[in-house]
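Asker: In the order they appear, the protein sequences are chains A and B. Final position of the first sequence in our numbering is 730; the numbers increase by one with none missing. Final position of the second sequence in our numbering is 730; the numbers increase by one with none missing. For every residue, glycine included, the Cβ atom is placed at its ideal position computed from N, Cα and C. Here the structure is a predicted model, which is why all the values come from computation and not from measurement. This is the structure I want to talk about, given as structure tokens.
2 protein chains.
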Amino acid sequence: MPLAVELVAVGTELLLGQLTDTNTVFIAQQCADAGIDVLGTHTVGDNRTRIANTLRSALERVDGVITTGGLGPTIDDLTKEAVCDALGIDTQLDEASLRQMQEFFAKIGREMRENNRKQAEVPRGSFVLENPRGTAPGFVAFGPSGKFIASMPGVPREMKPMLTGLLIPFLCERYGVQNAIFTRVLHTINIGESEVDHRIADLFRAGENPKIAVLAHEGLCDVKIMAKAASREGAEAMIAPLQRTIEERLDGFIFGADEVTIESAIAELLRSQGATISVAESCTGGRIASALTRLSGSSETFLGGVVAYDNSVKVAELGVSEETLARFGAVSEQTAREMAEGIRARIHTAYGMSTTGIAGPTGGSDEKPVGLVWFGIADPERTTARSFTFSGDRDTVQRRATVMALGLLWRELRTPINERLM
Amino acid sequence: MPLAVELVAVGTELLLGQLTDTNTVFIAQQCADAGIDVLGTHTVGDNRTRIANTLRSALERVDGVITTGGLGPTIDDLTKEAVCDALGIDTQLDEASLRQMQEFFAKIGREMRENNRKQAEVPRGSFVLENPRGTAPGFVAFGPSGKFIASMPGVPREMKPMLTGLLIPFLCERYGVQNAIFTRVLHTINIGESEVDHRIADLFRAGENPKIAVLAHEGLCDVKIMAKAASREGAEAMIAPLQRTIEERLDGFIFGADEVTIESAIAELLRSQGATISVAESCTGGRIASALTRLSGSSETFLGGVVAYDNSVKVAELGVSEETLARFGAVSEQTAREMAEGIRARIHTAYGMSTTGIAGPTGGSDEKPVGLVWFGIADPERTTARSFTFSGDRDTVQRRATVMALGLLWRELRTPINERLM
């Protein structure tokens, strides 16, 4: 049975253009994947009457509405009241949410105020969507006609798991949405979007089901294969041969599929070798260490790092020689090598990785432009170094250099030790 | 005279979540700056009836509608037809647009097709918005009631100059819009949204102009004051007294206004004292160093850091004593103190900051739960340490601990040295 919905984002700040609404595109995507049709989206300010009118008129057109925002504790948060107005119902206290909220405040050692208590109320008869990451629960409220309004908080970190883990499964089961869409995402690193596109362009044209999309983000490039079928098994069978072809075309750039991240791929390779790593960062300023510690259990493979921003730290903490710095400069192949070797020896790890570069916007020269970054990797057998020049502002250079470092590290780790050549 | 509009973005791809709509936020922002009130926004698919219905119902609520998208040459582009349906008018050929289009195609050396010719037609009686960057002109069409629908292409590169250069000036002149909107944002740290709300709730209720909004994001909480007036000076004069009151109520938590970030506030305090800082991070894994190096020129005040993930690194690189680790554990006040003192001595900086905690999801105990983080600050006179327990998943704990560290550091730096007590 098809299910048609409209989306409503609540918040005056969205209408003033002060905040970009990233929730709507995420929800639209997840609904499309689940086989739920989104027929329209709306944004409305923190005004009870206008929110209620928007909800009422949407319910005339579709089976249900999904809202985000306006569930907070302040006087400006009016979504719940407007939902009740639109459906002609009142609220009731949800004991479980109240308890969870009390525990939340006890844990963070802050007093719970009366305006927080209001957040534990939901429209009468609602299905409650728990919110372990915040204070406001979401809910699915039902009107006399059997149509629904589902409301979630506007904070993306709270909304996303609520949508994918609770709301979409609930709607699919209750309304019997059966179009199984199965998606396989292949993650590549250190290859540009246009090169990916060039290598698989003919597969794009092959058809709509299965369908391919290329999504570039943050220096990584994902290839998404989507298939629609009556069952998950059917969809998987449609994807498999296409996936194999893409894997062949992009050999050496795909570090994993679906839930795998570049950090988890690196940790897995290190674990399988029983190896450890340390990092010495200059221009990336701690971003590689942050990435490598993002995963639980990372302390098994990542022991530590030094952010050697000042040259004195490169010398004292990493053993880079004063002569190297004077002769070749801080941003040089030689310094990158000595940093990688220095951190490896210092922290006693199997691998040492280094970065040194010019993030900008100042500090560049003709010979060493802004965006130039040297990367070093010291392994048990040898040390290699390579440079790249990245374009963009300071933050972009730092982000791209971090992704490049992770990509170089991943490629090094998956290559048998006697074939390595970074 | 106030002018109220709604925005309508047209395109099925937007409803499938395949494309992020960046136009709406841009238009909303430009309208706010020009004093045009945006009361709602909508997205609708490439369906003539649904577009026309959306336009009709918007015109019942506001003075005009601004649409983007659906003006292209393909069979899917139906905005112009829907505008005519909604206003009950037909189209006419715009000779100037046809000529411009012919020149455009001659210039790029491509044949002009019949479906391009259709693009030179506009609703009868429209004010034409020229499009030197593309083929489709925009237009402002008028209904019998004097209400308008302005339509622009969806390509941002074509839409943006059309909006700011042609449409907004046209609307402001024709409808006599005179309001200037001025905004002041006060940034707070280490205070919760509900506490901020509690302290200034009465000011919220004071009125609509100037108006206050509270926005929480990433552990920071912004208070935004907006004023509408005939001139910028007038708006600023309305904001000033309210700003002073809020600053008093939130004393000790506001680190800056408008463009100031917590990183820039810290760097500025360090610079004014001629002081430097280094950081020793365990559970935050390099995130504090990343934050402190985000700014250009940060090498003046931030010299370096150590990510001491493994205990052996805490001992060897930071001089934490084996006895401290054995007796109190890695996550303890004593270890936090020794880490802060160790990094300060090691890197030779005025200040040393440390974090050590349990980011989770594993590694917690009754005595030391997941989320417990100790923070240490060593300054030239003394060392202090404090602990907090954060809720949330691993990433959330790491992010919140990083923001807390920056907040503690900022507060330490702004307190005269003889009054310090972290």
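Of all Cβ atoms in chain A, is any one closer than 7 Å to the Cβ of B/Gln337?
Answerer: Chain A, which has a Cβ nearer than 7 Å to the Cβ of B/Gln337, makes this yes.
Asker: Could you tell me which chain B residues have their CB closer than 7 Å to the CB of A/His350, listed as they occur along the chain?
Answerer: In chain order: Gly348, Thr349 and His350.
Asker: Rounded to the nearest angstrom, what separates A/Ala667 and B/Lys622 at their Cα positions?
Answerer: Their Cα atoms are separated by approximately 29 Å.
Asker: Note down, in chain order, all residues in the segment 501-512 of chain B with a beta-carbon under 8 Å from any beta-carbon belonging to chain A.
Answerer: From the segment 501-512 of chain B, only Glu501, Ser502, Glu503, Asp505, His506, Ala509 and Phe512 have a Cβ closer than 8 Å to chain A.
Asker: Could you name the residues of the same chain whose beta carbon sits closer than 8 Å to that of B/Glu630, not counting the 5 residues immediately before and after it, in chain order?
Answerer: The answer, listed in chain order, is Val623.
Asker: Note the first and the last residue of the continuous beta strand (DSSP E) segment covering B/Lys519.
Answerer: B/Lys519 -> beta strand (DSSP E) spans Lys519 to His525.
Asker: Whose C-alpha, out of A/Gly319, A/Ala336 and A/Glu429, is nearest the C-alpha of B/Ala336?
Answerer: It is A/Gly319 whose Cα lies nearest to the Cα of B/Ala336.
Asker: Check each candidate in A/Met534, A/Ile547 and A/Arg552 and name the one with the smallest Cα separation from A/Gln338.
Answerer: Answer by Cα proximity: A/Met534.
Asker: Assuming B/Ala543 contacts B/Phe490 (C-beta within less than 8 Å), just tell me the rounded distance between them.
Answerer: Yes, B/Ala543 and B/Phe490 are in contact; Cβ-Cβ is about 4 Å, under 8 Å.
Asker: Note down, in chain order, all residues in the segment 360-374 of chain B with a beta-carbon under 9 Å from any beta-carbon belonging to chain A.
Answerer: Correct list: Asn361, Thr362, Ser365 and Arg369.
Asker: State the start and end residues of the unbroken beta strand (DSSP E) segment that holds B/Val681.
Answerer: Its beta strand (DSSP E) spans residues Leu680 to Ala686.
Asker: Can you pull the DSSP bridge partners for A/Gln400?
Answerer: For A/Gln400, which the question treats as bridged, DSSP gives the partners A/Val430.
Asker: So A/Met712 is in the alpha helix (DSSP H); what residue range does that whole segment cover?
Answerer: Looking at the DSSP string, the run of the alpha helix (DSSP H) that includes A/Met712 is Arg702 to Arg722.
Asker: At a Cβ cut of 9 Å, what residues of the segment 597-620 of chain A count as close to chain B, listed as they run along the chain?
Answerer: Listed in sequence order: Ala597, Ser598, Ala599, Leu600, Thr601, Arg602, Leu603, Ser604, Gly605, Ser606, Ser607, Phe610, Leu611, Gly612, Gly613, Val614, Val615, Ala616, Tyr617, Asp618 and Ser620.
Asker: At what residues does the beta strand (DSSP E) containing A/Cys529 begin and finish?
Answerer: Element bounds for A/Cys529: Leu528 to Ala537.
Asker: Between which two residues does the beta strand (DSSP E) containing B/Ser695 stretch?
Answerer: Element bounds for B/Ser695: Thr691 to Thr697.
Asker: Tell me, which residues are paired with B/Phe456 by DSSP?
Answerer: Answer is B/Gly372 and B/Phe450.
Asker: What three-state label does DSSP hand B/Ile383 in the structure shown?
Answerer: Of the three classes helix, strand and coil, the one that applies to B/Ile383 here is coil, per DSSP.
Asker: Can you round the beta-carbon distance between B/Ile655 and B/Gly612 to whole angstroms, since I take them to be within the 8 Å contact cut?
Answerer: Contact flag correct, Cβ pair sits at about 5 Å.
Asker: At 8 Å on the CB atoms, spell out the chain A contacts of B/Leu324, in chain order.
Answerer: Chain A residues near B/Leu324: Ala336, Gln337, Ala340 and Val346.
Asker: In the DSSP assignment, find the beta strand (DSSP E) that holds B/Tyr659 and state where it starts and stops.
Answerer: Residues Tyr659 to Gly665.
Asker: So, is the C-beta of A/Asn289 closer than 7 Å to a C-beta in chain B?
Answerer: Absent from the model: residue 289 of chain A. The displayed extent of chain A is 309 to 730, so no value can be given.
Asker: Run through chain A and tell me which residues come within less than 8 Å of B/Asp703, C-beta to C-beta.
Answerer: The answer, in chain order, is Arg602.
Asker: Looking only at DSSP bridge pairs, what is A/Val318 linked to?
Answerer: Beta-bridge pairing links A/Val318 to A/Val352.
Asker: Please report how far the alpha carbon of B/Glu403 lies from the alpha carbon of B/Cys480, in whole angstroms.
Answerer: If I take the Cα positions, the gap works out to 26 Å.
Asker: Exposed or buried, what is A/Ser606 when buried is set at 16 or more other beta-carbons lying within 10 Å of its beta-carbon?
Answerer: Buried: at least 16 other Cβ atoms inside 10 Å.
Asker: Mind checking which residues open and close the beta strand (DSSP E) that includes A/Phe610?
Answerer: Element bounds for A/Phe610: Phe610 to Ala616.
Asker: Along the chain, which unbroken stretches of the beta strand (DSSP E) at least 3 residues long are found entirely within the segment 459-512 of chain B?
Answerer: Complete beta strand (DSSP E) runs here, min 3: 488-497.
Asker: B/Val568 by DSSP, collapsed to three states: which one?
Answerer: DSSP places B/Val568 in coil when its eight states are reduced to three.
Asker: Put A/Glu649 into one of helix, strand or coil per three-state DSSP.
Answerer: Note: A/Glu649 maps to helix in three-state DSSP.
Asker: Could you name the residues of the same chain whose beta carbon sits closer than 7 Å to that of B/Tyr617, not counting the 5 residues immediately before and after it, in chain order?
Answerer: Answer for B/Tyr617: Ser590 and Gly593, listed in chain order.
Asker: Taking the straight line between their C-alpha atoms, what separation do you get for A/Ala537 and A/Glu556?
Answerer: Spanning the two alpha carbons is a distance of roughly 25 Å.
Asker: Would you mind telling me which residues of chain B sit closer than 8 Å to A/Pro724, beta carbon to beta carbon, in chain order?
Answerer: The contacting residues do not exist; A/Pro724 stays about 27 Å from chain B at best.
Asker: For B/Phe413, which residues does DSSP report across the bridge?
Answerer: DSSP, once it has assigned bridges, lists no residue as partnering B/Phe413.
Asker: If you measure from the beta carbon of A/Val333 to each beta carbon in chain B, is any gap under 7 Å?
Answerer: Yes, its Cβ sits closer than 7 Å to a Cβ of chain B.
Asker: Spatial neighbours of A/Asp345 within its chain, please: CB distance less than 8 Å, with the 5 preceding and 5 following residues excluded, ordered by chain position.
Answerer: Excluding sequence neighbours, A/Asp345 sits near Pro310, Leu311, Ala312, Val313 and Cys339.
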